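Asks: Read in order, the letters of the sequence shown correspond to residues 1 to 144 in the UniProt record's numbering.
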Amino acid sequence: MRGRTGSGYCFLRPAAGANLGVAVHADGEFFDYLAENPSMTLLAYSPLLKGIYASREKRLAYYNWPLFDTPDSAARLERLEVVGKRLGIDGNTLVLAWMLHREPAIIPVVGGSRFNHFRENFAALDVRLDRETMDYLEGRSTSA
Numbered sequence: 001m002r003g004r005t006g007s008g009y010c011f012l013r014p015a016a017g018a019n020l021g022v023a024v025h026a027d028g029e030f031f032d033y034l035a036e037n038p039s040m041t042l043l044a045y046s047p048l049l050k051g052i053y054a055s056r057e058k059r060l061a062y063y064n065w066p067l068f069d070t071p072d073s074a075a076r077l078e079r080l081e082v083v084g085k086r087l088g089i090d091g092n093t094l095v096l097a098w099m100l101h102r103e104p105a106i107i108p109v110v111g112g113s114r115f116n117h118f119r120e121n122f123a124a125l126d127v128r129l130d131r132e133t134m135d136y137l138e139g140r141s142t143s144a
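(1) Please list the segments of the alpha helix (DSSP H) lying wholly inside the stretch 11-50, counting only runs of 4 or more residues, in order along the chain.
(2) What are the boundary residues of the beta strand (DSSP E) that V109 is part of?
(3) Measuring straight from C-alpha to C-alpha, what distance separates residue 147 and L60?
(4) When the distance is taken between beta carbons, is G51 closer than 8 Å to N116?
(5) Looking at C-alpha atoms only, which residue of P71, T70, A97 and D72 is the closest neighbour of V83?
(6) Beta-carbon separation of A144 and T41 under 8 Å?
(7) What residue range is occupied by the uninterrupted alpha helix (DSSP H) comprising N92?
(8) R79: buried (16+ other C-beta within 10 angstroms of its C-beta) or exposed?
(9) Please list the terminal residues of the continuous alpha helix (DSSP H) segment that includes V83.
(10) Nearest CA to the CA of D126: which residue from Y53, E36, A74 and M99?
(11) Taking all protein chains shown into account, do 16 or more other C-beta atoms lie within 10 angstroms of the C-beta of A44, making it buried, or fewer, making it exposed?
(12) Answer yes or no: do V110 and L48 have a C-beta to C-beta separation smaller than 8 Å?
(13) Could you compute how far the alpha carbon of P14 sits from the alpha carbon of F30?
(14) Where G139 and R76 are concerned, what is the direct C-alpha to C-alpha distance, given to the nearest angstrom?
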C-alpha cells in the first residue's frame, strides 16, 4: 500500500494502464488489504464520476470518459440500467446503493452542485439490494 496518495473507487473500472494521476483506483490488492485489516474502511472519493451514470450524454461529456470507455464498462452499464429500471431508480443512486452493500465496508464520499443531487445521493440509503442483485451487478450472475 506504500506510495499511494489516494484511492478512488466507482462502479466502472478504468482501462488497464489508465493514468489517473496521483490517484489509484482501488483494486483486488487494495480489497485484500482491507479484508486483512477489518478495522479499516475505504473512503471512496468521486464514486459517481461527475454523475456519468445518469446518461450517455453525461458520460461523453466527462473529461476522463476515455479512461473508462471499455467493453467491461459497457457491460457493467447495461447491468446497471437493467437493475435501475427494475427498482425505479437512476444509475447514480444505484451505484451508491451498490457501494454501500459491498464488503469490505466502503463509504462513498459524495458532493453535489445542486440540492437535488444530495437528495438523489441520500435516496441510496433506502435502497435494498439482495445477494442475487449484487451478483448480477458484479457480473457473477446472468439474472437480476
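The C-beta atom is built at its ideal place from N, Cα and C for all residues, glycine as well. If you're wondering where the values come from, they're calculated on a predicted model, not measured in any experiment.
Replies: By the coordinates alone:
(1) List check, alpha helix (DSSP H) in window: 28-36.
(2) The residue labelled residue 109 in the question sits at position 109 within the sequence shown. Where V109 is concerned, the enclosing beta strand (DSSP E) stretches over I106 to V109.
(3) Outside the shown range of the chain (1 to 144) lies residue 147, about which nothing can therefore be said.
(4) Residue 116 sits at position 116 when you count from the first residue of the sequence shown. Residue 51 sits at position 51 when you count from the first residue of the sequence shown. Not a contact, by the Cβ cut-off of 8 Å.
(5) As a position in the sequence shown, residue 83 is number 83, starting the count at 1. Of P71, T70, A97 and D72, the residue nearest in Cα terms is A97.
(6) As a position in the sequence shown, residue 144 is number 144, starting the count at 1. As a position in the sequence shown, residue 41 is number 41, starting the count at 1. Using a Cβ distance threshold of 8 Å, A144 and T41 do not count as a contacting pair.
(7) Numbered from 1 along the sequence shown, position 92 holds the residue referred to as residue 92. Per DSSP, the unbroken alpha helix (DSSP H) holding N92 starts and ends at G91 to H101.
(8) Counted from its first residue, the sequence shown places residue 79 at position 79. Burial state of R79 is buried, judged by a 10 Å Cβ sphere holding 16 or more other Cβ atoms.
(9) Taking the first residue of the sequence shown as 1, we reach residue 83 at position 83. For V83, the enclosing alpha helix (DSSP H) begins and ends at P71 to L87.
(10) Along the sequence shown, one-based indexing puts residue 126 at 126. Nearest C-alpha to D126: M99.
(11) Taking the first residue of the sequence shown as 1, we reach residue 44 at position 44. A44 is buried by the Cβ-count criterion.
(12) For this step, residue 110 is matched to residue 110 along the sequence shown. For this step, residue 48 is matched to residue 48 along the sequence shown. With respect to the 8 Å criterion, V110 and L48 are classified as neighbours on the basis of their beta carbons.
(13) What you label residue 14 is simply residue 14 of the sequence shown in a count that begins at 1. What you label residue 30 is simply residue 30 of the sequence shown in a count that begins at 1. Separation of P14 and F30 (C-alpha to C-alpha, rounded to the nearest whole angstrom) is 15 Å.
(14) If you number the sequence shown from 1, residue 139 lands on position 139. If you number the sequence shown from 1, residue 76 lands on position 76. Rounded to the nearest angstrom, the two C-alpha atoms are 7 Å apart.
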